[in-house]
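Residue numbers (UniProt numbering): 1 to 85. Beta carbons: idealized from backbone N, C-alpha and C, even for Gly. Please read all numbers here as calculations on a predicted model, not as lab measurements. Before any comments, here is the structure.
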């Protein structure tokens with residue numbers, strides 16, 4: 001909240017939702033809901049590597065920023081402002 005971020009959905013099929021809530025105070029979502037101003041992919045789980053640009057576009061608001069920490073979608077997503085490390 002200190003950066004002006006109001007709502008964040010955290011989704012990770014392999015994380016323990018109870019443990020994440022206990023450790024970080026974050027309630028995890030099971031699926032994306034609505035449109036996002038930013039999409040951040042922080043892990044390279046096989047389940048996520050197979051997602052397509054079209055899948056992400058279903059959840060992207062106009063002007064959405066796509067942050068790909070591991071660079072697994074480099075040259076695969078072209079409809080977003082793309083950031084990677």
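So, for residue i: in the same chain, excluding its five sequence neighbours on each side, which residues have a beta-carbon less than 6 Å away from its beta-carbon?
i          : result
residue 34 : none
residue 68 : 41 and 84
residue 9  : 29
Run through the DSSP bridge pairs and tell me what residue i is partnered with.
i          : result
residue 36 : 60
residue 66 : 39 and 82
Look at residue i and residue j and say whether their C-beta atoms are less than 8 Å apart.
i          : j          : result
residue 64 : residue 26 : no
residue 60 : residue 36 : yes
residue 13 : residue 47 : yes
residue 44 : residue 11 : no
I believe residue i touches residue j by the beta-carbon criterion, under 8 Å. Please report the beta-carbon distance rounded to the nearest angstrom.
i          : j          : result
residue 66 : residue 82 : 5 Å
Is it buried or exposed for residue i, if we count other Cβ within 10 angstroms and need 16 for buried?
i          : result
residue 77 : buried
Give me, in chain order, the residues of the same chain whose beta-carbon lies closer than 8 Å to that of residue i; leave out the 5 immediate sequence neighbours on both sides.
i          : result
residue 21 : 27 and 28
residue 17 : 27 and 28
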